[in-house]
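Each remark here refers to the structure printed beneath this line.
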Amino acid sequence: MDEIEKKILLYLFRDPFLSQRNIAKELGLTPPSLTYRIRKLQEDGVFKGYTVLVNPNFYGRYFGFVAFKNYYDYIGEGIFFKFKCLEWLNVYGIEGSSFPEIEDKIDGMKKVLGEYSLKYFPKQELITPKPYDLQIVKYFVRNPRAQSSEIAQETGLAQKLVDKRLKLLLEKGIIKLVPVIDLKRTDVVMFSMFTKRVAETRKVLDSCKILEINDGEAGIIACITDNIESVRKYVEAVRTVADKEADVMVIYDYQINSGFYL
Numbered sequence: 001m002d003e004i005e006k007k008i009l010l011y012l013f014r015d016p017f018l019s020q021r022n023i024a025k026e027l028g029l030t031p032p033s034l035t036y037r038i039r040k041l042q043e044d045g046v047f048k049g050y051t052v053l054v055n056p057n058f059y060g061r062y063f064g065f066v067a068f069k070n071y072y073d074y075i076g077e078g079i080f081f082k083f084k085c086l087e088w089l090n091v092y093g094i095e096g097s098s099f100p101e102i103e104d105k106i107d108g109m110k111k112v113l114g115e116y117s118l119k120y121f122p123k124q125e126l127i128t129p130k131p132y133d134l135q136i137v138k139y140f141v142r143n144p145r146a147q148s149s150e151i152a153q154e155t156g157l158a159q160k161l162v163d164k165r166l167k168l169l170l171e172k173g174i175i176k177l178v179p180v181i182d183l184k185r186t187d188v189v190m191f192s193m194f195t196k197r198v199a200e201t202r203k204v205l206d207s208c209k210i211l212e213i214n215d216g217e218a219g220i221i222a223c224i225t226d227n228i229e230s231v232r233k234y235v236e237a238v239r240t241v242a243d244k245e246a247d248v249m250v251i252y253d254y255q256i257n258s259g260f261y262l
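Residue numbers for the sequence shown follow the UniProt record's numbering, beginning at 1 and rising by one.
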């Protein structure tokens, strides 16, 4: 993978809404040249499209995080995301109708995976979404690259309403557009940090952040960067000025279940 391909992937992660024309301009490429490179990444199985991460609270569901030794790749009900990490851990996002239900799901995982290494339930408030928000999110999840005009046409909603609500849902982190990349075929490095001082940590990681799930105080921030030395510098900075006890995990694969409650 050359430096141009690596930078393309970084742009796709950091701003998946950035147009190909703007990416080409940033990289000093012609639009046809960028289109060719992206098509090649797709043909090589590196770039597989997009998915949407939805905060379970939007559907009136609760969630928690749990990490197990990755002796086995657990597949089960209620997993809305999974990070596979080099540190012999898999981090799972588990959703359910209540915290006891999530605990039951974790107990089921323990029977297969053994004792967990980390468990955390963020403070959270359930959302009662408007019917039009449900329509917008449902269509967006199924068609992650849909423009607001398409969503409006297919749902029968006014485009101004779709523009406004989609922007709000994205800004609040209720939904997040995420590229699907086979990290094992790339030279980029993804890592996550679990911190109990999320506001301070976010300031340090803002330039590399691609994903964040938090309760205002604690949470997980995922980042993408171009090499392992950059990871070391970010981690050192977080532990120096933000949260000296923040946990770091280097991610070699990730999975997002965008349709867990459609």
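We put the CB at the ideal spot given by N, CA and C, even for glycine.
Item	Value
Excluding the 5 residues flanking Y132 on each side, which residues of the same chain have their C-beta closer than 6 angstroms to its C-beta?	L157
Could you pull the start and end residues of the beta strand (DSSP E) that F58 belongs to?	It is not in any beta strand (DSSP E) - F58 carries neither H nor E in the DSSP assignment.
Given that a residue counts as buried once 16 or more other Cβ atoms are within 10 Å of its Cβ, and exposed if not, what is E217?	exposed
Within 10 angstroms of its Cβ, does N55 collect 16 or more other Cβ (buried), or is it exposed?	buried
Could you give the uninterrupted runs of the beta strand (DSSP E) lying entirely in the UniProt domain "HTH asnC-type" (1-62), keeping only those of 3 residues or more?	47-54
For I213, collect the residues of the same chain with a Cβ closer than 6 angstroms to its Cβ; drop the 5 residues on either side in sequence, then sort them by chain order.	G219, I220
With distances taken between CB atoms, is the gap from I224 to F65 smaller than 8 angstroms?	no
Starting from P129, trace the alpha helix (DSSP H) both ways and give me its first and last residue.	Premise fails: P129 is in no alpha helix (DSSP H) and is neither H nor E.
Could you check how far apart the C-beta atoms of K69 and G114 are, in whole angstroms? I think they sit under 8 angstroms.	6 angstroms
For the stretch 125-187, which segments carrying the alpha helix (DSSP H) assignment without a break, of at least 4 residues, lie completely within its bounds, in sequence order?	131-142, 148-155, 159-171
For the putative contact between I256 and V178, defined by C-beta atoms under 8 angstroms, what is the C-beta separation to the nearest angstrom?	6 angstroms
Under the assumption that E92 contacts K82 (Cβ atoms under 8 angstroms), give the Cβ distance between them as a whole number of angstroms.	The question names Glu, yet the displayed sequence has Tyr at residue 92. With a Cβ gap of about 5 angstroms, Y92 and K82 count as contacting.
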